[in-house]
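**Q** As numbered in the numbering used here, residues 934 to 1053 make up the sequence shown, in order. Beta carbons: idealized from backbone N, C-alpha and C, even for Gly. Note that the structure is predicted; figures quoted are calculated from it, not measured.
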Amino acid sequence: MKSVEYYMNLPYKLEIVPDLDEGGYVARYPELPGCITVGDSVEHVVSNALDAKREWLTAALEDGILISEPGELDDYSGQFKLRLPKSLHKSLAEHSRAEGISMNQYCVYLLARNDALAKA
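1) State yes or no: is the C-beta of residue 986 within less than 7 angstroms of the C-beta of residue 962?
2) At the level of alpha carbons, what is the spacing between residue 945 and residue 964?
3) From the DSSP output, which residues share a beta bridge with residue 960?
4) How would you write the range of the alpha helix (DSSP H) that residue 941 sits in, first residue to last?
5) Does the segment 997-1004 come close enough to the segment 936-956 that 3 or more CB-CB pairs lie under 8 angstroms?
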C-alpha cells in the first residue's frame, strides 16, 4: 500500500484563483476531488493547500478511496492556435492593456479562472 508521503511527493497540479466574492484566494487540486482550501494571501493559500492535500490523502487512504495519480504533462506543449472574431481580439487587447499585462497572460488568467469555476 502506498503511503501519504508517496502521494505528497507526486506533482499534483495546484490551481489558485482569486476569490472575487470574499477576497483572498481559493486553491484546489483538480486530481483530488473536493480537496479545496482558501487563504488571505498566495503564501497562506499555498500553505493551506499542502495541509488540505495531506488531510485529504490521509482520509482517502483510511477510507480505502482510490487516489488517482497526476497525469503526464509531457504529452502537452502548452500551446495551441486560436482564431477569434476581430471584435473579441480588440476587447481582449484593451482589457489586458488596462491590467498592464500581456494579452497572452490575460487570456491564460481568463481561461484558468473559468476552467476552475467550471470544475468547482
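**A** Well, looking at it:
1) yes
2) 7 angstroms
3) 949, 970
4) 937-941
5) yes
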